[in-house]
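Following: one structure in structure tokens, then a few remarks.
There are 2 protein chains.
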Amino acid sequence: MEGLREEVAEHRAPEEDIDSLFVNRWSPRAMTGESLDEAQYMPLFEAARWAPSSYNNQHWRFLYATREDEEFELFADLLIEANREWAEDAGVLVTLVSKETFDHNGEHARTHSFDTGAAWQNLALEATRQGLVTHAMQGLDYEAAAEQLNVPDGFSVECMIAIGEHAPPETLSDELQEREFPSDRKPVDEILHRGGFDD
Amino acid sequence: MEGLREEVAEHRAPEEDIDSLFVNRWSPRAMTGESLDEAQYMPLFEAARWAPSSYNNQHWRFLYATREDEEFELFADLLIEANREWAEDAGVLVTLVSKETFDHNGEHARTHSFDTGAAWQNLALEATRQGLVTHAMQGLDYEAAAEQLNVPDGFSVECMIAIGEHAPPETLSDELQEREFPSDRKPVDEILHRGGFDD
Chain A
1 MEGLREEVAE
11 HRAPEEDIDS
21 LFVNRWSPRA
31 MTGESLDEAQ
41 YMPLFEAARW
51 APSSYNNQHW
61 RFLYATREDE
71 EFELFADLLI
81 EANREWAEDA
91 GVLVTLVSKE
101 TFDHNGEHAR
111 THSFDTGAAW
121 QNLALEATRQ
131 GLVTHAMQGL
141 DYEAAAEQLN
151 VPDGFSVECM
161 IAIGEHAPPE
171 TLSDELQERE
181 FPSDRKPVDE
191 ILHRGGFDD
Chain B
1 MEGLREEVAE
11 HRAPEEDIDS
21 LFVNRWSPRA
31 MTGESLDEAQ
41 YMPLFEAARW
51 APSSYNNQHW
61 RFLYATREDE
71 EFELFADLLI
81 EANREWAEDA
91 GVLVTLVSKE
101 TFDHNGEHAR
111 THSFDTGAAW
121 QNLALEATRQ
131 GLVTHAMQGL
141 DYEAAAEQLN
151 VPDGFSVECM
161 IAIGEHAPPE
171 TLSDELQERE
181 FPSDRKPVDE
191 ILHRGGFDD
């Protein structure tokens, strides 16, 4: 397959001829600590906007802070220490939140998390295209995030996302360096079932 | 912006220079009723495989039936009538299921739906690249799906996905024809908040 980045090709062998963007997207921890400007990160939110959602409700809400913003520290403080260690070198931290109900009738929207995951993936893919890296984390204090970022009732915190410039793995601690490679995936037959679920 | 398809450009004006793939992906209902072969649909599942997930758990499971399969009727029967009306012209129907727990410790995985939404988005984008259309639905009988497709405890049914060849809108009922266009999105300032959530 053409188009795979060198570090990716060492670890990942897609079985079908797909857009290399999907395989080139991975979740590094090593970020440079450099600032990003709006022209770099706004296209990521723009890509996210166009994700599909139930009744086109667009459940996703992106709360963010750049490392120049006063609130950056507040966002970083929400992370567990193992994430904060590397994620404080992000250019932008994003708390991704979803609205649990439909705008048109106020009823519970079963797919609010699922649809918001689609928006996150668009963000991550556009970042890859722009030469930036992203890493989503569930290692954060969800309750503190809801409280300190004024998330209203009826909205769920989904995850924190670090967006940054990729740094060499050597900038990480020894322990994190060992995990700094594009992860492989399960074989297709573990996740794909023709007909019903396997017995 | 270059690269937007004609029917999309009439309805959608992205505000940033992003990959046109995100904007060209939309959710038509008009499908031709033609069969798809494995070479057409396997890359979609392959793209989905490479989505990110918490602890790389890869919560997604794809249960599918092609229109040649005995089980196709079973899948179509799970849909509400308003979806079945058009979705029975899909080439492949997919019931997307997520595992609610981590493989490595059996504990609840908070982001199983969110992560599975990321996999769905990869599938939809690769379909767009291949010239196929996809449409995800929450209009189905979730309980019947779990039961009839042998979905084990600890797995959630997320949605049904129709994959097919795009047909002219005139093949739809008058009512559905009126809705057969690429939907627009909320303005950025409704979904993007710098710092905490707006008061």
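Note that the protein sequences, when read in sequence, are chains A and B.
Sequence positions in the first sequence follow full-length UniProt numbering and run 1 to 199.
Sequence positions in the second sequence follow full-length UniProt numbering and run 1 to 199.
Here a beta-carbon is modelled for each residue, glycine too, at the ideal position from N, C-alpha and C.
As the structure is a computational prediction, the values presented were derived from the model and not from experiment.
Contacting residues, own chain, Cβ-Cβ under 7 Å from residue i (five flanking each side not counted)
i	result
residue 28 of chain B	133, 135, 166 and 180
residue 1 of chain B	Here the model assigns residue 1 of chain B a pLDDT of 47, short of 50, so the residue's position is not dependable and the matter cannot be decided.
residue 25 of chain A	124, 125 and 128
residue 119 of chain B	48, 51 and 60
residue 23 of chain B	4, 8, 12 and 14
Exposure label - residue i; buried when at least 16 CB within 10 Å
i	result
residue 198 of chain A	exposed
residue 59 of chain A	buried
residue 170 of chain B	exposed
residue 8 of chain A	buried
residue 122 of chain A	buried
residue 53 of chain B	buried
residue 115 of chain B	buried
residue 34 of chain A	exposed
residue 38 of chain B	exposed
residue 174 of chain A	exposed
residue 182 of chain B	buried
residue 43 of chain A	buried
residue 103 of chain B	exposed
residue 89 of chain B	buried
Opening and closing residue of the beta strand (DSSP E) in which residue i lies
i	result
residue 109 of chain A	Premise fails: residue 109 of chain A is in no beta strand (DSSP E) and is neither H nor E.
residue 49 of chain A	Premise fails: residue 49 of chain A lies in the alpha helix (DSSP H), 38-49, not in any beta strand (DSSP E).
residue 192 of chain B	192-194
Same chain, Cβ closer than 8 Å to residue i, neighbours up to 5 away in sequence not counted
i	result
residue 184 of chain A	11 and 12
residue 100 of chain B	59, 108, 109, 112, 154, 155 and 156
residue 82 of chain A	139
residue 188 of chain A	15
CB of residue i within 8 Å of CB of residue j, strictly
i	j	result
residue 69 of chain B	residue 61 of chain A	no
residue 92 of chain B	residue 64 of chain B	yes
residue 36 of chain A	residue 95 of chain A	no
residue 162 of chain B	residue 87 of chain B	yes
residue 158 of chain B	residue 97 of chain B	yes
residue 172 of chain A	residue 76 of chain A	no
residue 45 of chain B	residue 78 of chain A	no
residue 164 of chain B	residue 66 of chain B	no
residue 117 of chain B	residue 117 of chain A	yes
residue 196 of chain B	residue 71 of chain A	yes
The alpha helix (DSSP H) enclosing residue i, as first and last residue numbers
i	result
residue 61 of chain A	Run containing residue 61 of chain A: none in the alpha helix (DSSP H); it sits in the beta strand (DSSP E), 60-66.
residue 7 of chain B	6-9
residue 24 of chain A	20-24
residue 77 of chain A	72-77
residue 172 of chain A	Careful: residue 172 of chain A lies outside any alpha helix (DSSP H) and carries neither H nor E.
Distance cut-off 7 Å: residue i Cβ against heavy atoms of the ligand MN
i	result
residue 188 of chain A	This structure lacks the ligand MN; in fact it carries no ligand of any kind.
Beta-carbon contacts of residue i that lie in its chain and below 6 Å, excluding the five residues immediately before and after
i	result
residue 177 of chain B	169
residue 142 of chain A	157
residue 146 of chain A	157
residue 80 of chain B	139
residue 3 of chain A	20
Inside the UniProt domain "Nitroreductase" (83-164) of chain B only - beta strand (DSSP E) runs reaching at least 3 residues: Counting only runs of 3 or more, we get 92-99, 133-137 and 155-164.
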